[in-house]
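Student: Mind looking over this structure? Questions follow.
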Amino acid sequence: CARCHNHKFDAVSTQDYYSLVAVFQDIEFGHRMPQLFKTHPRKIRGEELVKKIKTIRNRLRSSNINHWSENWVSHVQVHFPQTKAKFVKVSFLTGYAALDELEVYDSSTGGKNIALASQGTSIKVFNTKPLPRKNKDWLLDGDRQSFWGWAGKPAKKKKPFGVVLQFSKEQNIQRIEFSSDRATIVETDYLNEKNIGKFRFSRYKIETSTDGKTWTEIVSTETEKKLSLKERGIRKKQIEKINRLAKKYFDEGPQEIFAGRFIPPVSTHVLHRGDPAQQGEEVKPETFSIFDSTLGLSDKSTGQQRRVAFANWVVGKQNPLTLRVSVNRLWKHVFGSGIVNTMDDFGHAGALPTHPQLLDWLATRYRSNGWSTKKILRMLVVSKTFQQSSNQNAKGLKVDANAQYLWRYPLLRIDAEALRDSMLDIAGSLDKRIGGKGYRIHANKKRYASWKVADNASPETWRRLIYQERMRGIDDKMFMAFDLPDCKQVNSKRSVSTTPIQALNLFNGQLVMTQSEKLAQRIEKEAGKNIDAQVKRIFLRVLCREPSKVELTFSVAAVKKDGLPHLARVLFNTNEFSFLK
1 CARCHNHKFD AVSTQDYYSL VAVFQDIEFG HRMPQLFKTH PRKIRGEELV
51 KKIKTIRNRL RSSNINHWSE NWVSHVQVHF PQTKAKFVKV SFLTGYAALD
101 ELEVYDSSTG GKNIALASQG TSIKVFNTKP LPRKNKDWLL DGDRQSFWGW
151 AGKPAKKKKP FGVVLQFSKE QNIQRIEFSS DRATIVETDY LNEKNIGKFR
201 FSRYKIETST DGKTWTEIVS TETEKKLSLK ERGIRKKQIE KINRLAKKYF
251 DEGPQEIFAG RFIPPVSTHV LHRGDPAQQG EEVKPETFSI FDSTLGLSDK
301 STGQQRRVAF ANWVVGKQNP LTLRVSVNRL WKHVFGSGIV NTMDDFGHAG
351 ALPTHPQLLD WLATRYRSNG WSTKKILRML VVSKTFQQSS NQNAKGLKVD
401 ANAQYLWRYP LLRIDAEALR DSMLDIAGSL DKRIGGKGYR IHANKKRYAS
451 WKVADNASPE TWRRLIYQER MRGIDDKMFM AFDLPDCKQV NSKRSVSTTP
501 IQALNLFNGQ LVMTQSEKLA QRIEKEAGKN IDAQVKRIFL RVLCREPSKV
551 ELTFSVAAVK KDGLPHLARV LFNTNEFSFL K
């Protein structure tokens, strides 16, 4: 609210809002390579593959092959001996070419990209028809994340066309990289379009010069065709090995991720009505003025100083609100609703606490226990309040029908994740691996098509639900009906609904049918062929108790008529399985 106007209910001004924003003005989002531990499997695998690639490169050089191109899936690498150059010309010999980045690396250890406008490098085009929204200068911005780039067609047909780079001074160069769709292929492996990541060039020539007049060819796809069969055979065999290893590196080595990265803090201004085009006064990083405390920062404070000061303030003794909010959320996870029912609003528009003294006592214990979530949760679940029955009585219902004051344990339906994972675990199907790559239930699609569920029940999906790759707007056709939020939502408290779709999904869903079969097979192995023993065992597995005499009689009859999988499906659909009592 305070982003556009002073808050209507709480004492939070627009200036307060932007002062808090200033704390976090040292970050921007984009693609970057994560810093992995030395023991990380991807880092180890990547180093192994690079070592093999370097061995093959040395083998090429020992065979007097000094110029070649490598396909690294997202980009092309051109390798050649160290060359002195002030100009680099890239000529295309096709009817169309497109680049999103052109990088030239010097001969320093590891190589440093010098094809940057920020380092004085300039660029011009030759024999090229201008195309809309295709700017040659974007090739020198050093931004691999951008989808914007240069594209061209020859002004004179069947004549080479392309770009010429000019450095601020002569440089020793040894590698050139260029790409057409570098960022897209990293983030769009779910698309089934043929052109994703495809290079928009096939025939090209790269030349260097020290004066811009006399040119020396570095590499050319046309020259390679003129080599002897023996030379072409050696080159092709070795380069194909490199390309295969490069593909493995792309799949198995360190990968770029879309994440935040730190930058020097930028200035923060109050935006009139939240409009970026209407900047007001500049503000320094600070907390809300309603709190009797300050961060002690200035607009010159570094990003690290801002974050450390804010973190210390959040957990400081002068700020009990953090403790109250934290224990209130823990209480909600155990008892179904918070002591303050509005989980994310402790202001004037929020609900009053049902037990204010208890909230403060829990907050004090939380701090004295070193902010240990485990200790607080242990204390709650061993309490007499938690161990109460959910049984009702007329007197209690008349005074407090919703059990807000906890005269009984409230009847709670388990979350969608627990419901699904419990079925898999009971059936002996749950893949309990921790970490690693998640699983998908959706099919690949075209760029602007809608998501469609392709597989929500096969063994590949039998990991815990938290490992499911969630996509915005996709309905899993099963557990979204049980109030599983869409991944674009941020919910402090889930809604709880009861609908016919829930019953239909839980009785007829493919996952439920499959796991009922798996559970029946497990029970038959554990209890043998005796039906009475099977029924008792399946009740213990699903409901953690033995059946009553009436339940045993009806269940045995059902198994004899429809089979054990039918009984498993019935038990999965009972309230006793879906609710905490």
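Numbering (the numbering used here), first residue to last: 1 to 581.
Backbone N, C-alpha and C define an ideal beta-carbon position, used for all residues, glycine too.
Source: prediction; values computed, not measured.
1) Here's a check: name, in chain order, each residue in its chain whose Cβ is nearer than 6 angstroms to the Cβ of residue 4, leaving out the five neighbours to either side.
2) As a quick exercise: from 524, 549 and 449, pick the residue whose alpha carbon is nearest that of residue 538.
3) When you compare each of 276, 121, 64 and 124 to residue 234 by their alpha carbons, which one comes out closest?
4) Taking a contact to mean a Cβ-Cβ separation below 9 angstroms, would you say residue 60 touches residue 173 in this structure?
5) Unbroken beta strand (DSSP E) runs of length 3 or more, entirely within the segment 277–343: which are they?
6) Quick one, are the C-beta atoms of residue 267 and residue 413 less than 9 angstroms apart?
7) Indicate whether the contact test is met: 3 or more Cβ pairs, each with one atom in the segment 318–336 and one in the segment 364–381, closer than 8 angstroms.
8) Less than 9 angstroms separating the beta-carbons of residue 151 and residue 99?
9) What's the call for residue 405, buried or exposed, on a 16-neighbour Cβ count within 10 Å?
10) Determine the contact status of residue 521 and residue 527, defining contact as a CB-CB distance below 9 angstroms.
11) Can you tell me whether residue 426 is buried or exposed, with buried defined as 16 or more other CB within 10 angstroms of its CB?
12) Determine whether the beta carbon atoms of residue 204 and residue 153 lie at a separation below 9 angstroms.
13) Tell whether a beta-carbon distance below 9 angstroms holds between residue 436 and residue 467.
14) What residues in its chain sit with their C-beta under 8 angstroms from that of residue 598, if we drop five residues either side in the sequence?
15) Return the bridge partner residues of residue 85 from the DSSP annotation.
16) If residue 73 and residue 258 are in contact, beta carbons under 8 angstroms, what's the gap, nearest whole angstrom?
17) Count Cβ pairs between the segment 473–482 and the segment 492–510 that sit closer than 8 angstroms; are there 3 or more?
18) Considering only residues of the segment 22–88, which uninterrupted beta strand (DSSP E) runs meet the minimum length of 3 residues and lie entirely inside it, listed in chain order?
19) Mapping the DSSP letters down to three states, classify residue 409 as helix, strand or coil.
20) How would you label residue 155, buried or exposed, when you count the other beta carbons within 10 angstroms and need 16 or more for buried?
21) Inspect the CB distances between the segment 444–457 and the segment 293–305 and report whether three or more fall short of 8 angstroms.
22) Would you mind sorting residue 138 into buried or exposed? The rule is 16 or more other CB atoms within 10 Å of its CB.
23) Tell me the rounded alpha-carbon separation between residue 313 and residue 206.
24) Based on the DSSP output, what are the partners of residue 442 in its beta bridges?
25) For residue 371, does the three-state DSSP call read helix, strand or coil?
26) Find out if the Cβ-Cβ distance for the pair residue 464, residue 430 is shorter than 9 angstroms.
27) Hey, how far is the Cα of residue 17 from the Cα of residue 271?
28) Just checking, does the segment 286–296 make contact with the segment 328–347 on the three C-beta pairs under 8 angstroms criterion?
29) Have a look at the DSSP bridge pairing and note the partners of residue 258.
30) Would you mind reading off the limits of the alpha helix (DSSP H) that contains residue 523?
31) For residue 195, which of helix, strand or coil comes out of DSSP?
32) Consult DSSP for residue 162 and reduce its assignment to one of helix, strand or coil.
33) Going straight from the alpha carbon of residue 470 to that of residue 416, what length do you get?
34) Less than 9 angstroms between the beta carbons of residue 380 and residue 330, yes or no?
Tutor: From the atom records:
1) Position 4 of the sequence shown, counted from the start, is the residue given in the question as residue 4. 273 and 274.
2) Mapped onto the sequence shown, residue 538 falls at position 538. Comparing Cα positions, the closest option is 524.
3) Counted from its first residue, the sequence shown places residue 234 at position 234. With distances taken between Cα atoms, residue 234 lies closest to 64.
4) Along the sequence shown, one-based indexing puts residue 60 at 60. Along the sequence shown, one-based indexing puts residue 173 at 173. Taking 9 angstroms as the Cβ cut-off, residue 60 and residue 173 do not qualify as a contacting pair.
5) 279–283
6) Start at 1 with the first residue of the sequence shown, and residue 267 comes out as number 267. Start at 1 with the first residue of the sequence shown, and residue 413 comes out as number 413. No, the Cβ-Cβ distance between residue 267 and residue 413 is not below 9 angstroms.
7) yes
8) Translated into the one-based positions of the sequence shown, residue 151 becomes position 151. Translated into the one-based positions of the sequence shown, residue 99 becomes position 99. Yes; because the gap between Cβ atoms is below 9 angstroms, this pair is in contact.
9) To locate residue 405, count along the sequence shown from 1; it is residue 405. So residue 405 ends up on the exposed side.
10) On the sequence shown, residue 521 is found 521 positions in, with the first residue counted as 1. On the sequence shown, residue 527 is found 527 positions in, with the first residue counted as 1. Not closer than 9 angstroms, so no.
11) Residue 426 sits at position 426 when you count from the first residue of the sequence shown. Flag for residue 426 reads buried.
12) In the sequence shown, counting from the first residue as 1, residue 204 sits at position 204. In the sequence shown, counting from the first residue as 1, residue 153 sits at position 153. Going by C-beta atoms, residue 204 is not nearer than 9 angstroms to residue 153.
13) Reading the sequence shown from its first residue, position 436 is the one you call residue 436. Reading the sequence shown from its first residue, position 467 is the one you call residue 467. Yes; because the gap between Cβ atoms is below 9 angstroms, this pair is in contact.
14) Because the chain spans 1 through 581 in this model, residue 598 falls outside it and cannot be assessed.
15) Here residue 85 corresponds to residue number 85 of the sequence shown, with the count starting at 1. The partner list for residue 85 (beta bridge, DSSP) reads 171.
16) In the sequence shown, residue 73 corresponds to position 73, counting from 1. In the sequence shown, residue 258 corresponds to position 258, counting from 1. Going by Cβ atoms, the distance from residue 73 to residue 258 rounds to 17 angstroms, so no, they are not a contact pair.
17) yes
18) 27–32 and 68–71
19) Here residue 409 is taken as the residue at index 409 of the sequence shown, counted from 1. Three-state result, residue 409: coil.
20) Residue mapping note: residue 155 aligns to position 155 of the sequence shown, counting from 1. Burial call: exposed.
21) no
22) On the sequence shown, residue 138 is found 138 positions in, with the first residue counted as 1. Buried: at least 16 other Cβ atoms inside 10 Å.
23) Looking up residue 313 in the sequence shown gives position 313. Looking up residue 206 in the sequence shown gives position 206. Each residue's Cα considered, the two are about 57 angstroms apart.
24) Here residue 442 corresponds to residue number 442 of the sequence shown, with the count starting at 1. DSSP output for residue 442 lists 453 as bridge partner(s).
25) Within the sequence shown, numbered from 1, the residue matching residue 371 stands at position 371. The answer is coil: DSSP assigns residue 371 none of H, G, I, E or B.
26) What you label residue 464 is simply residue 464 of the sequence shown in a count that begins at 1. What you label residue 430 is simply residue 430 of the sequence shown in a count that begins at 1. Cβ distance < 9 angstroms, so residue 464 and residue 430 count as in contact.
27) The residue given as residue 17 occupies position 17 in the sequence shown. The residue given as residue 271 occupies position 271 in the sequence shown. C-alpha separation (whole angstroms): 10 angstroms.
28) no
29) Locating residue 258 in the sequence shown gives position 258, where the first residue counts as 1. The partner list for residue 258 (beta bridge, DSSP) reads 31.
30) Stepping through the sequence shown from its first residue, residue 523 is reached at position 523. From DSSP, the alpha helix (DSSP H) with residue 523 extends over 510–527.
31) On the sequence shown, position 195 is the one that residue 195 refers to. At residue 195 the pLDDT is 48, less than 50, meaning the model places this residue with poor confidence; the figure from the coordinates comes in the next sentence. In the structure shown, residue 195 sits in coil (DSSP, three-state: anything other than H, G, I, E or B).
32) Within the sequence shown, the letter at position 162 stands for residue 162. Looking at residue 162 - three-state DSSP - the assignment turns out to be strand.
33) Locating residue 470 in the sequence shown gives position 470, counting from the first residue. Locating residue 416 in the sequence shown gives position 416, counting from the first residue. Spanning the two alpha carbons is a distance of roughly 14 angstroms.
34) Locating residue 380 in the sequence shown gives position 380, counting from the first residue. Locating residue 330 in the sequence shown gives position 330, counting from the first residue. Cβ atoms of residue 380 and residue 330: closer than 9 angstroms.
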